[in-house]
Structure formats: C-alpha cells, structure tokens
Amino acid sequence: MNEPRRPRVEHGALPAPTKEHLDDCRRCDLWEHATQGVPGEGPTGAKIMLVGEQPGNEEDLEGVPFVGPAGRMLRTLLDEAGIDAGRVYMTNAVKHFSFVLRGKRRIHKTPLQRQVSACHVWLESELVREKPAVIVALGATALAAIARRRISIADARASPITDAQGTPVVATYHPSAILRAPDHDARAALRASLVADLVRAAKMANG
Ligand code: URA
0 MNEPRRPRVE HGALPAPTKE HLDDCRRCDL WEHATQGVPG EGPTGAKIML VGEQPGNEED
60 LEGVPFVGPA GRMLRTLLDE AGIDAGRVYM TNAVKHFSFV LRGKRRIHKT PLQRQVSACH
120 VWLESELVRE KPAVIVALGA TALAAIARRR ISIADARASP ITDAQGTPVV ATYHPSAILR
180 APDHDARAAL RASLVADLVR AAKMANG
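Residues 0 to 206 (numbering that gives the first Met the number 0) make up the sequence shown, in order.
Written out as structure tokens, the structure is:
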C-alpha cells in the first residue's frame, strides 16, 4: 500500500518548493489523484510573479505551470502587453491538480478553501524567496490565497492590496475566463481588461 508520507517541511520553514517537496506533500488530499506536484517556474530575479489557481490537466501531466489552453492564452496576452513570458515567474495557489472524473475526462474542480490554505506555505515560500516587485493574481482563488481573505477582484482593484511582505498585488481575471466567455463582446472585454492589467503590472515592476 502506498503509505502517505509525512511532509518533510513544516509551516514556517519556507524552503524553495522543489518538485520533490511537492511530490512528498501530504498537507491535503489532492496528491492522491494528481500525477505530480507542479512547482512555479521562472528566472531568478523575475520582477513579476503571476499566480494562477492550480495546474490543469496538461500541467499535471507535464509538471510545468501554464502549458495548457489557459496557459497558451496567458502567453498570448503577455505578448500583447509587451511582457516577455520568459522573464516572469509563473506559479499557482494550489500545486496539485483538483479534478472530477467524467467518463475518462478529468474536469477541473475549483480547489476547496482548506486545500488552498494547506498549500499556502508553498506560495508563501515562493513569494519570500523570489521577492517580485509586483504580484499578479489571476482570478479569485489566487487573489484570496495571496490576500489570505476573500476579496473580489473589483474591490482589490478599487483599493489596491499588498501581500504579507508588502508587495503590491494587481488583481485581474483568470485567462480561462476568456476561454469560457459566452460571446465575442464578453471575450473582447475580458481580454482588454487582462491586457491592461498586465501592462499596469509591468509599469509597476519597472518602477
Ligand atoms: N494552468 C495553470 O498552471 N494554472 C492555472 O491557474 C490554470 C492553468
């Protein structure tokens, strides 16, 4: 039987979350059905950290964040905003794929609050280690994980927030919202908003 391994690291130790750390993590139950933990990725000294919700199906299989449909959309938007995707750090609030099975298909399931809380130590360690100049919260789950409370994207835009280290947070939509938008107008509006937020983040990052 595959015995759950004890977490090697307790909250507060703040190691760099390597793939091995995440594969050993038993802070919540998502490891049981996911293929692997998906650590953040990006160059040392990246000024912008993008935080999504959780790995999707393709990310789970490849072990790399933002390589599926939402990731491809995100990379297109970064390009439109004049940001080199190779110079930003990309990660997620939750490091294992949460899904439900429909037939053979694994369908994304929004992670539970307790799973987001359990995973927070890893996000915090990335924030402390990478020290970005600006954090972009992609969607409500990422925003709540960074702010450590439920706050709407509209409220975080109206009264900008920081993370626990005082790093400014740009709150915006998740790129998958564009993929799910019901019609052309909604898609175009979300897209313009997201690109404008990325441009704003780049300006903040460059002081
Ligand atoms: N892929 C990721 O890595 N994160 C998301 O939030 C969505 C897709």
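Backbone N, C-alpha and C define an ideal beta-carbon position, used for all residues, glycine too. A quick note: this is a predicted structure, and the numbers were derived from the prediction, not measured.
- Just how far apart, CA to CA, sit G55 and A92? 12 Å
- Message: Quick check on the DSSP output: the alpha helix (DSSP H) that includes N91 runs from which residue to which?
- Response: Unbroken run through N91 is the beta strand (DSSP E), 88–91; no alpha helix (DSSP H).
- Message: Using the three-state DSSP reduction, which class does V8 fall into: helix, strand or coil?
- Response: Unreliable placement is indicated for V8, whose pLDDT of 47 sits below 50; the coordinate value is still reported in the next sentence. Coil.
- Message: Does the distance between the C-beta of P54 and the nearest non-hydrogen atom of ligand 3 fall short of 7 Å?
- Response: Absence of ligand 3 is noted for the structure shown, with ligand 1 being the only ligands found.
- Is the stretch 177–184 in contact with the stretch 79–93, if contact means three or more CB pairs nearer than 8 Å? no
- Task: Helix, strand or coil for D111, going by three-state DSSP, please let me know.
- Result: With the sequence shown as reference, residue 111 is identified as Leu, and Asp is not the correct amino acid for it. Coil.
- Query: With a Cβ-Cβ cutoff of 8 Å, do V50 and T75 count as a contact?
  - Reply: no
- Task: With G70 as the anchor, note down where its alpha helix (DSSP H) starts and where it stops.
- Result: 68–79
- Item | Residue interval of the beta strand (DSSP E) (run including A33) | That residue, A33, is in no beta strand (DSSP E); it is neither H nor E in DSSP.
- Task: Going by CA-CA distance only, name the one from P131, E123, S192 that's closest to M222.
- Result: Nothing can be reported for residue 222: it is not among the residues displayed for the chain, which extend from 0 to 206.
- Item | Helix, strand or coil at V63 according to DSSP, with G and I counted as helix | coil
- Task: Following the continuous beta strand (DSSP E) through I150, name the residue where it begins and the one where it ends.
- Result: No beta strand (DSSP E) contains I150, which DSSP labels as neither H nor E.
- Query: Looking at C-alpha atoms only, which residue of L111, A144, K108 is the closest neighbour of E125?
  - Reply: A144
- Task: Give the secondary structure of P42 by DSSP, where H, G and I count as helix, E and B as strand, and everything else as coil.
- Result: coil
- Task: Check whether the Cβ of G70 sits closer than 7 Å to any heavy atom of ligand 1, and report yes or no.
- Result: yes
- Message: For a test of your reading of the model: does the CB of F96 fall under 7 Å from any non-hydrogen atom of ligand 1? Yes or no.
- Response: no
- Item | Reduced DSSP category for P54 - H, G, I as helix; E, B as strand; rest coil | coil
- Query: Skipping 5 residues on each side, what residues in its chain have a beta carbon closer than 7 Å to that of L111?
  - Reply: none
- Does at least one heavy atom of ligand 1 sit under 7 Å from the Cβ of H32? no
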